[in-house]
Amino acid sequence: MNHPESDEIIGVDTDDLLYALTFDEQKKVLNAISFLANCEDIGTPEEYADYKEKQEREQGCEYCLKNKPIKGIHDVSIAYVQGKELLTTYSDPFYNLHLDIHYCPMCGRKLKEED
Ligand SMILES: [Zn+2]
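Going by the working numbering, the first residue of the sequence shown is number 82, and it counts up by one from there.
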């Protein structure tokens with residue numbers, strides 16, 4: 082199906098106006114309407130932002146899935162998520178921590194043992 086460019090979409094709200102259009106204009110309008118009819122209803126921009134955030138949270142991020150180091154947590158030199166633990170690495174190993182966590186501190190995903 083041909084997707085109309087956004088600047089080709091012409092707003093029409095009465096039949097009279099639709100009949101007043103040229104054949105090409107009418108075709109553009111009908112294409113736009115059928116294009117919109119095939120679009121998923123994703124709600125308001127705010128609802129979509131919530132939906133997208135929730136989806137990203139469920140998918141996880143590079144911090145909780147790929148052990149990417151998290152920098153800048155207080156004076157911890159490096160911290161990273163492994164499974165359900167937040168591990169920290171100080172230059173002095175005496176201060177290293179293993180914290181049990183349930184959610185990724187970066188994306189909020191619920192962590193699983195096997196991650
Ligand atoms: Zn994450």
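All C-beta atoms, glycine included, are put in the ideal place defined by N, C-alpha and C.
Residue i: CB within 8 Å of a non-hydrogen atom of ligand 1
i: L168; result: no
i: L180; result: no
i: G141; result: yes
i: Y144; result: yes
i: G164; result: no
i: G189; result: yes
i: C120; result: no
Backbone CA spacing between residue i and residue j [nearest angstrom]
i: N53; j: E127; result: Outside the modelled stretch of the chain, which goes from 82 to 196, sits residue 53, for which no answer is possible.
i: S115; j: D181; result: 52 Å
i: K50; j: A118; result: Any question about residue 50 goes unanswered here, given that the chain covers just 82 to 196.
i: L178; j: K165; result: 13 Å
CB contact check: residue i to chain C, cutoff 9 Å
i: A130; result: In summary, chain C is missing from the structure at hand, where a single protein chain is found.
Residue j beta carbon less than 9 Å from that of residue i
i: I159; j: P186; result: no
In chain order, each alpha helix (DSSP H) run of at least 4 residues that lies wholly inside the stretch 92 to 127: 96 to 101 and 104 to 118
Cβ pair count under 8 Å reaching 3, the stretch 126 to 139 against the stretch 166 to 176: no
Three CB pairs or more closer than 8 Å across the stretch 187 to 195 and the stretch 142 to 150: yes
Whole runs of the beta strand (DSSP E) within the stretch 132 to 170, excluding any shorter than 3 residues: 159 to 163 and 166 to 170
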